[in-house]
Amino acid sequence: MLSSHVPLTPLLQKQGRSGQAYVGRFAPSPTGPLHFGSLVTALASYCDARAHQGTWLVRIEDTDIPRIYPGSESHILQCLDAFEFEPDGDIIFQKDRLESYQAAIARLKQQALVYACQCTRKQLGSSHIYAGSCRQLMLPFEQQAIRVRVGDQPICFTDRLQGRHCSSLSTELGDFVLRRRDGIISYQLAVVVDDHLQGITDVVRGTDLLDNTERQIWLGQLLGYSELRYMHLPLAMNDQGQKLSKQNMAQPLDIQKAPELLQQALIALGQPPVELDRPARMLAQAVHQWNTALIPRGTAIQATFQ
Ligand code: GLU
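For the sequence shown, my numbering begins at 3 and goes up steadily by one.
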């Protein structure tokens, strides 16, 4: 295993308390306003961290500049405030941290684990599995996409809710992109580097990201990072059975209704209701009675929400 020599900034040293048994996080992308599904994720990651006497951090995942939805970053911050989710450190923004991602690419490059790829989307066609055609070309890195080599062995992990999950990256996906041709760092790379640098031990997020996990574990292994624990939550669905998402215009969280929405999110997570009160008190009670055994199994929850 490689040892990490990506320098920690003073900010991150303050956040990632090494040796701590549980460090969790909520990592929204500002691609639209937060919705009820985001609240379920924020609440579960918060309660799980606090119930383990752990640390809870917030990170805004804004590397994909063209997909940022105007105003959504401030809506995220307003919601955290209104729902009284208090992180244990400064909120970090990935767009300020590009050097750390470049440093990780440079380390992988030294080990010949990444290469430049000139294939256009058109050349790749409809195949979702990249055949590795640029592997041997030794193209210069500038102005090309950067791909990481995947191994042949399957990657498996045991999710706290979803159980054993395995994927063979070489047959199901192929070498995947860490930096796009336009310079944008992929979600996969940024999330792995930041989870490591923030000292995250536990990832709690929606099952829509379950299939990304093996890629992230693979990258973490190549960079010599510690393994994380994962808990992928069932997704809140609307009454037409569609997952709530920014893309299908899920209703933004209404901060005027914070206590009612918190209560509904707790119920969606199978937790006993708490007394309606100001959010901080509701959260304290929710942490006290947090029980992951009550979270519905499976990948979807039907939620009633306003
Ligand atoms: N930024 C991702 C999203 O908003 C979540 C990333 C993660 O939790 O790993 O969907």
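We treat Cβ as the ideally placed atom computed from N, Cα and C, and that holds for glycine.
| Asked | Found |
| --- | --- |
| Tell me, to the nearest whole angstrom, how far the beta carbon of P32 is from that of I67; I am working on the premise that it is less than 8 Å. | P32 to I67, Cβ: 10 Å. No contact. |
| Which one of T160, S102, V116 and S76 has the shortest CA to CA distance from C136? | V116 |
| Can you give the Cα-Cα distance for W58 and R52, rounded to whole angstroms? | 7 Å |
| Are there 16 or more other CB atoms within 10 angstroms of the CB of I131, so buried, or fewer, so exposed? | exposed |
| Which one of R283, P30, A106 and G165 has the shortest CA to CA distance from Q223? | A106 |
| Could you tell me whether the stretch 66-81 touches the stretch 228-235, where touching means 3 or more Cβ pairs closer than 8 Å? | no |
| Along the chain, where does the beta strand (DSSP E) containing V152 start, and where does it finish? | Segment: none, V152 is in no beta strand (DSSP E) and carries neither H nor E. |
| Compute every distance between the C-beta of A238 and the non-hydrogen atoms of the ligand GLU, then say whether any falls below 7 Å. | no |
| Is there at least one non-hydrogen atom of the ligand FAD closer than 7 Å to the beta-carbon of S31? | With respect to the ligand FAD, the structure offers nothing, as its ligand set consists of the ligand GLU. |
| For S47, count the other beta carbons within 10 Å of its own beta carbon; 16 or more makes it buried, fewer makes it exposed. Which is it? | buried |
| Is it the case that the Cβ atoms of G176 and G134 are separated by a distance below 8 Å? | yes |
| Which same chain residues, not among the five before or five after Q291, have their C-beta less than 7 Å away from its C-beta? | Q273 and P274 |
| At the level of alpha carbons, what is the spacing between T203 and Q113? | 26 Å |
| So is the beta-carbon of V194 under 7 Å away from any non-hydrogen atom of the ligand GLU? | no |
| What are the residues that DSSP puts in a beta bridge with R181? | I148 and I187 |
| For L82, is the beta carbon positioned less than 7 Å from some heavy atom of the ligand GLU? | no |
| Return the CA-CA distance between L45 and M284, expressed in angstroms with no decimal places. | 11 Å |
| Using the Cα positions of V194 and S169, report the straight-line distance between them to the nearest angstrom. | 18 Å |
| With a threshold of 7 Å, establish whether the CB of R217 neighbours any heavy atom of the ligand GLU. | no |
| Around the Cβ of S40, are there at least 16 other Cβ atoms within 10 angstroms (buried) or fewer (exposed)? | buried |
| Given that a residue counts as buried once 16 or more other Cβ atoms are within 10 Å of its Cβ, and exposed if not, what is R207? | buried |
| In chain order, what residues of the same chain lie with their CB nearer than 6 Å to the CB of H54, ignoring the 5 residues before and after it? | Y24 |
| I62 bridges to which residues according to DSSP? | F95 |
| Look up Y232 in the DSSP assignment and say whether it is helix, strand or coil. | strand |
| To which residues does DSSP link P254 through a beta bridge? | H37 |
| Secondary structure at L139, three-state DSSP: helix, strand or coil? | coil |
| Tell me which residues share the same chain as Q265 and place their Cβ nearer than 8 Å to its Cβ, disregarding the 5 neighbours each side in the sequence. | P275, V276, L278 and M284 |
| Quick one, are the C-beta atoms of V60 and F28 less than 8 Å apart? | yes |
| Can you tell me where the alpha helix (DSSP H) with D83 in it begins and where it stops? | S74 to A84 |
| Quick one: give me the first and last residue of the alpha helix (DSSP H) that A106 is part of. | L100 to Q112 |
| Check for me: the alpha helix (DSSP H) holding L237 runs from which residue to which? | No alpha helix (DSSP H) holds L237; the beta strand (DSSP E) holding it covers L237 to M239. |
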